[in-house]
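A.B. asks: Structure in structure tokens, see below.
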């Protein structure tokens, strides 16, 4: 109530005296308005620091959720300011902010050992390097940056990123999930104890590792390595890849040389263009467009192959082997299934509709 009265007095003074008085409401900036991370806790302290583009923000905190995003370039035109907003019950005395201009670094640390989670909200220039390590936090969020380097490590809690571009981006959630929205671009290394879920990934080298499941929309890379304990779901893969999981592997569209292996699950993949592919699993289903050129080499206990495919096959009592040329032959597609193998001809549209149905089943694997 007192704050509201002061604000009203300020506004009246501006009206009657003509003096420009900075309204008190400006002390409470509306950060991260899309999700309003900081509106529910009292503002404890504000810091404004002078920086330069491509400096580094180093954060090492405990018991604190961290939210980092860039200024609107139209607001912070020269990219030479950084704002830090603390909201919480522990107080500003437990936080230490050091301006290390000689090494172009701003360091933030704390001594918070309490049970209440503070909220540390930081606005930086678009071009700014990030190094965050947090313990006993619920979430670390980083969005809208173009950096040389982004490194985020969460001892507890989740990592959320959105629209990040960098030469090297490393995300490690030792006990939580990793979620990436819109674009994540650069040499990427994502390591999560729980689920990894992303939209578009792009860069020279991409590594995804999870002790749970991995779900991603589109991957564009020169080299991709994916390893998961449970389900892997990829809408489209563009680039050379190695994919391993103990569970099911589903790839909507595959373009590029690939080695795919599932220890205990099934593999379902659509091969869109002529490229070497090797698949090992209990059960395998491969589909392709009618004009694909390839040499087929399949081995399984049960083979389900269209009759019109020209083939030479050999079989034994325990397994069946098939070798065939598709449309005159081309790169080798190899598949070794312990149980059942199926090959089918489908259009890209048919496969797209099929994968959308598969995506709905992925919800069962998500927390």
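Residue numbers (my numbering): -10 to 356. Cβ coordinates follow ideal geometry from the N, Cα and C atoms, glycine included.
Could you name the residues of the same chain whose beta carbon sits closer than 8 Å to that of residue 137, not counting the 5 residues immediately before and after it, in chain order?
C.D. replies: For the purposes of this step, residue 137 is taken as residue 148 along the chain shown, with counting starting at 1. Around residue 137: 43, 118, 155, 156 and 157.
A.B. asks: Run through DSSP, which three-state label would residue 282 get?
C.D. replies: The sequence position of residue 282 within the chain shown is 293, counting from 1. Residue 282: coil per DSSP, three-state reduction.
A.B. asks: When you compare each of 285, 256, 195 and 160 to residue 264 by their alpha carbons, which one comes out closest?
C.D. replies: Your numbering for residue 264 matches position 275 in the chain shown. Among 285, 256, 195 and 160, the Cα nearest to that of residue 264 belongs to 285.
A.B. asks: Is there contact here, the stretch 320 to 328 with the stretch 273 to 287, by at least three beta-carbon pairs under 8 Å?
C.D. replies: A contact exists between the stretch 320 to 328 and the stretch 273 to 287.
A.B. asks: Grouping DSSP H, G and I as helix and E and B as strand, with all else coil, what is residue 237?
C.D. replies: Taking the first residue of the chain shown as 1, we reach residue 237 at position 248. In the structure shown, residue 237 sits in coil (DSSP, three-state: anything other than H, G, I, E or B).
A.B. asks: State buried or exposed for residue 8, treating a residue as buried only when at least 16 other CB atoms are found within 10 Å of its CB.
C.D. replies: For the purposes of this step, residue 8 is identified with residue 19 of the chain shown, where counting begins at 1. Summary for residue 8: the model assigns pLDDT 37, below 50, so the residue's position carries little reliability; its value from the coordinates is reported in the next sentence. The residue in question, residue 8, is exposed, as its Cβ has fewer than 16 Cβ neighbours within 10 Å.
A.B. asks: By Cβ distance, which residues of its chain are closer than 7 Å to residue 175, with the 5 residues on each side in sequence left out?
C.D. replies: The residue you call residue 175 lines up with position 186 of the chain shown. Correct list, in chain order: 154, 155, 156, 157, 158 and 192.
A.B. asks: Per DSSP, what are the beta-bridge partners of residue 227 in this structure?
C.D. replies: Position 238 of the chain shown holds residue 227. 209 and 244, per the DSSP bridge assignment.
A.B. asks: Return the first residue and the last residue of the beta strand (DSSP E) that residue 351 is part of.
C.D. replies: Counted from its first residue, the chain shown places residue 351 at position 362. Unbroken run through residue 351 is the alpha helix (DSSP H), 337 to 351; no beta strand (DSSP E).
A.B. asks: Helix, strand or coil for residue 53 per DSSP?
C.D. replies: Counted from its first residue, the chain shown places residue 53 at position 64. DSSP places residue 53 in strand when its eight states are reduced to three.
A.B. asks: In chain order, what residues of the same chain lie with their CB nearer than 6 Å to the CB of residue 208, ignoring the 5 residues before and after it?
C.D. replies: On the chain shown, residue 208 is found 219 positions in, with the first residue counted as 1. 190 and 226, listed in sequence order.
A.B. asks: Among the candidates 49, 228 and 220, whose CA atom is the shortest distance from the CA of residue 100?
C.D. replies: Translated into the one-based positions of the chain shown, residue 100 becomes position 111. Of the candidates 49, 228 and 220, the one whose C-alpha sits nearest the C-alpha of residue 100 is 49.
A.B. asks: Determine the burial state of residue 107: buried for a count of at least 16 other Cβ atoms within 10 Å of its Cβ, exposed for fewer.
C.D. replies: Here residue 107 corresponds to residue number 118 of the chain shown, with the count starting at 1. The residue in question, residue 107, is buried, as its Cβ has 16 or more Cβ neighbours within 10 Å.
A.B. asks: Is it buried or exposed, residue 71, if we count other Cβ atoms within 10 angstroms and call 16 or more buried?
C.D. replies: In the chain shown, counting from the first residue as 1, residue 71 sits at position 82. Its Cβ being crowded by 16 or more others within 10 Å, residue 71 is buried.
A.B. asks: By Cβ distance, which residues of its chain are closer than 6 Å to residue 213, with the 5 residues on each side in sequence left out?
C.D. replies: Here residue 213 refers to the residue found at position 224 of the chain shown. Only 195, 228 and 230 meet the Cβ criterion.
A.B. asks: Determine the extent of the beta strand (DSSP E) in which residue 189 is found, giving its start and end residues.
C.D. replies: Locating residue 189 in the chain shown gives position 200, counting from the first residue. Per DSSP, residue 189 belongs to the beta strand (DSSP E) from 185 to 199.
A.B. asks: Identify the residues that DSSP records as bridge partners of residue 151: which are they?
C.D. replies: Working through the chain shown from its first residue, we reach residue 151 at position 162. Answer is 132 and 170, bridged to residue 151.
A.B. asks: To the nearest angstrom, how far is the alpha carbon of residue 270 from that of residue 69?
C.D. replies: In the chain shown, counting from the first residue as 1, residue 270 sits at position 281. In the chain shown, counting from the first residue as 1, residue 69 sits at position 80. Roughly 54 Å separates the two Cα atoms.
A.B. asks: Hey, out of 161, 92 and 275, whose CA is closest to residue 129's CA?
C.D. replies: Translated into the one-based positions of the chain shown, residue 129 becomes position 140. Ranking the options by Cα distance to residue 129, first place goes to 161.
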